[in-house]
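Asker: Supplied in C-alpha cells, the structure appears directly below.
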C-alpha cells in the first residue's frame with residue numbers, strides 16, 4: 106500500500122517536521138526497552154471452508170471495541186476449518202477437514218509456531234488425523250496432549266504435544282461402532298425435517314473435563330455420548346466403567362458441549378433436535394446423569410433448524426446457543442442449581458451460524474456465519490448477558506471457527 110505524505114511548504118511546517126523527527130529518535134530507546142507483551146498486538150485466527158475461504162486468516166482485534174479487521178491469509182491448507190491454541194498461545198493447531206490426506210482416506214493436523222509480533226505462522230509438522238474429516242480439536246488441561254474427533258469416519262484420537270510444539274505419534278485411536286440413531290429426531294419442533302447422517306458413526310466433539318481425569322466425545326450418527334478416562338502419563342484413552350450414555354432423545358444428534366466451572370454441570374447441544382441438555386457430572390466416577398432438556402429455539406417456532414455452536418459467558422451465568430436456518434442466538438440464564446431458563450433470542454444478521462465465540466474480556470460475542478460469508482459482532486451486557494448487535498460485519502469466506510491469541514498480559 107502506498108503511503109500518503111503531506112506537502113509541508115511553510116517554514117513553520119518544516120520546523121515542525123524537524124521537531125517530530127528529533128522526538129522520534131529520542132523515543133527509539135524507549136521502544137527498545139518495552140517488554141514483548143507490551144509490543145504485542147491483539148490478534149485472532151479464523152478458520153474457513155473452501156472454496157469461499159482459502160484457509161486460516163489473521164485478524165486484528167481492536168482492544169477498545171472488539172472490532173475485527175482482516176489482516177492476511179496465514180495458512181492455505183485445504184478446508185482448514187478447525188483450530189485450537191495451546192494454553193500459552195505459542196502454538197496453533199489446524200485440522201484439514203478432508204478425507205484424502207496424502208492420497209489416503211484420512212484428514213490431517215498441522216502444528217504451527219506463532220510469531221506474536223506479526224501473527225505469522227511457522228509450520229512445525231503435519232500428522233495424519235487417524236480418521237476422515239477432523240471436525241474438532243481440543244487440548245488436555247495440562248497442555249501435553251491434543252485430541253481430535255473425525256466426523257466422517259467416527260473416530261477420536263490423542264497425540265502427545267512435544268516441547269517444541271510438534272505433534273508426536275498418536276497414543277490412542279478409538280473407533281465408534283454400533284447401530285445408527287433414529288432417522289427423525291423425536292424431540293424436534295413441529296414441521297422440522299432436520300434429519301442427517303444417522304447412517305453410522307460420526308464423532309463430532311472430544312474434550313477433557315477441567316480436572317483432566319475424564320474425556321467425553323459425542324457421536325451424532327450413533328446418538329451417543331462416550332465417557333472415557335485418560336492416563337496423564339501416556340495420553341492413552343480407555344473406556345470408563347459405563348462406556349457411553351444414549352442421547353437425550355432418539356435422533357437428537359449430540360454435537361458440542363461445555364463444562365460449567367462451578368456447578369458440576371455439562372451443557373450439550375443436540376444438532377438434529379435443536380435441544381439443549383444439561384448433565385450432572387459425578388466428580389469421582391466421571392459419569393454423566395441427564396437433568397434437563399429444553400428447546401434451543403424461541404417459543405412458538407415451527408420448522409427446520411440445526412443447532413450448532415454453544416458457549417458460556419465469561420462469568421458463567423449465561424449460556425449462548427447458535428441455531429442454523431433459524432439464524433439466531435438463544436441466551437439462557439444459568440440458575441444456582443444449574444438449571445437453565447431461556448432469556449432471549451436474537452437474529453445473527455447472517456446465514457448459517459456455524460459457531461459462536463466470546464472475546465477474552467467477555468464483552469463481545471461473534472457469530473461465524475458460514476453461508477453469508479461474514480462474522481457479526483454483538484456486545485454482551487455485563488449484568489443481564491443480553492446481546493446487542495454492534496452493526497459490525499467482517500467479510501470472511503465461509504468462516505467456521507475463531508480463536509483469540511493471549512498476549513501474556
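Numbering (my numbering), first residue to last: 106 to 514.
Just so it is clear, CB atoms sit at the ideal spot from N, CA and C, and this is done for glycine as well.
Since the model is a prediction, treat every value here as computed from it, not as a measurement.
#1: Please tell me whether residue 461 and residue 173 are closer than 8 angstroms, where the distance is taken between their beta carbons.
#2: Along the chain, which unbroken stretches of the beta strand (DSSP E) at least 3 residues long are found entirely within the segment 210–266?
#3: State yes or no: is the C-beta of residue 305 within less than 8 angstroms of the C-beta of residue 259?
#4: Since residue 151 contacts residue 501 with CB under 8 angstroms, what's their CB separation in whole angstroms?
#5: Could you give the C-beta distance for residue 430 and residue 409, rounded to a whole number, given that I count them as a contact under 8 angstroms?
#6: Using DSSP's beta-bridge definition, name the partner residues of residue 498.
#7: Identify the continuous beta strand (DSSP E) that holds residue 399 and give its terminal residues.
#8: Would you report the Cα separation of residue 278 and residue 319, rounded to the nearest angstrom?
#9: Would you mind working out which of 494, 498 and 476 sits nearest residue 158, comparing C-alpha positions?
#10: For residue 148, which of 192, 225, 397 and 160 has the nearest alpha-carbon?
#11: Out of 484, 215 and 498, point me to the one whose CA is closest to residue 455's CA.
#12: I need the DSSP call for residue 438, collapsed to helix, strand or coil.
#13: I'd like the span of the beta strand (DSSP E) that includes residue 385, first residue to last.
#14: Using the DSSP secondary-structure output, state which residues sit across from residue 162 in a beta bridge.
#15: Alpha carbon to alpha carbon, how far is residue 512 from residue 255? Give it in angstroms, no decimals.
#16: Report the CB separation of residue 217 from residue 196 in whole angstroms; it is logged as a contact under 8 angstroms.
#17: Quick one: what's got a C-beta closer than 6 angstroms to residue 252's C-beta in the same chain, skipping five residues either side?
#18: Are the Cβ atoms of residue 190 and residue 416 separated by less than 8 angstroms?
#19: Which residue comes first and which comes last in the beta strand (DSSP E) that contains residue 340?
#20: According to DSSP, what are the bridge partners of residue 279?
Answerer: For this structure:
#1: Walking along the chain shown from the start, residue 461 turns up at place 356. Walking along the chain shown from the start, residue 173 turns up at place 68. Their beta carbons are not under 8 angstroms apart, which means residue 461 does not touch residue 173 by this criterion.
#2: 213–219, 226–233, 239–244, 250–255 and 260–265
#3: By 1-based counting over the chain shown, the position of residue 305 is 200. By 1-based counting over the chain shown, the position of residue 259 is 154. A contact, by the Cβ cut-off of 8 angstroms.
#4: Residue 151 sits at position 46 when you count from the first residue of the chain shown. Residue 501 sits at position 396 when you count from the first residue of the chain shown. Correct: roughly 6 angstroms between the Cβ atoms.
#5: Translated into the one-based positions of the chain shown, residue 430 becomes position 325. Translated into the one-based positions of the chain shown, residue 409 becomes position 304. Right, their Cβ atoms sit about 6 angstroms apart.
#6: In the chain shown, residue 498 corresponds to position 393, counting from 1. DSSP lists 481 as partners of residue 498.
#7: In the chain shown, counting from the first residue as 1, residue 399 sits at position 294. It spans 393–400 - the beta strand (DSSP E) in which residue 399 sits, taken as one unbroken run.
#8: Along the chain shown, read from residue 1 onward, the residue named residue 278 stands at position 173. Along the chain shown, read from residue 1 onward, the residue named residue 319 stands at position 214. Each residue's alpha carbon lies about 16 angstroms from the other.
#9: Position 53 of the chain shown holds residue 158. Measuring from the Cα of residue 158, the nearest candidate turns out to be 476.
#10: As a working note, residue 148 is residue 43 in the chain shown. Minimum Cα distance to residue 148 is reached at 225.
#11: Stepping through the chain shown from its first residue, residue 455 is reached at position 350. It is 498.
#12: Numbered from 1 along the chain shown, position 333 holds the residue referred to as residue 438. Residue 438 falls in the strand class under three-state DSSP.
#13: To locate residue 385, count along the chain shown from 1; it is residue 280. Taken as a continuous stretch (DSSP letters only), the beta strand (DSSP E) holding residue 385 covers 380–386.
#14: Residue mapping note: residue 162 aligns to position 57 of the chain shown, counting from 1. Answer is 151 and 178.
#15: Walking along the chain shown from the start, residue 255 turns up at place 150. Walking along the chain shown from the start, residue 512 turns up at place 407. About 31 angstroms.
#16: Indexing the chain shown from 1 puts residue 217 at position 112. Indexing the chain shown from 1 puts residue 196 at position 91. Indeed they touch by this definition, with Cβ atoms about 6 angstroms apart.
#17: Stepping through the chain shown from its first residue, residue 252 is reached at position 147. These residues qualify, in order along the chain: 243, 263 and 311.
#18: Position 85 of the chain shown, counting from 1, holds the residue named residue 190. Position 311 of the chain shown, counting from 1, holds the residue named residue 416. No. Outside cutoff.
#19: The residue you call residue 340 lines up with position 235 of the chain shown. Careful: residue 340 lies outside any beta strand (DSSP E) and carries neither H nor E.
#20: Here the question's residue 279 lines up with position 174 in the chain shown. According to DSSP, which records beta bridges pairwise, residue 279 is partnered with 261.
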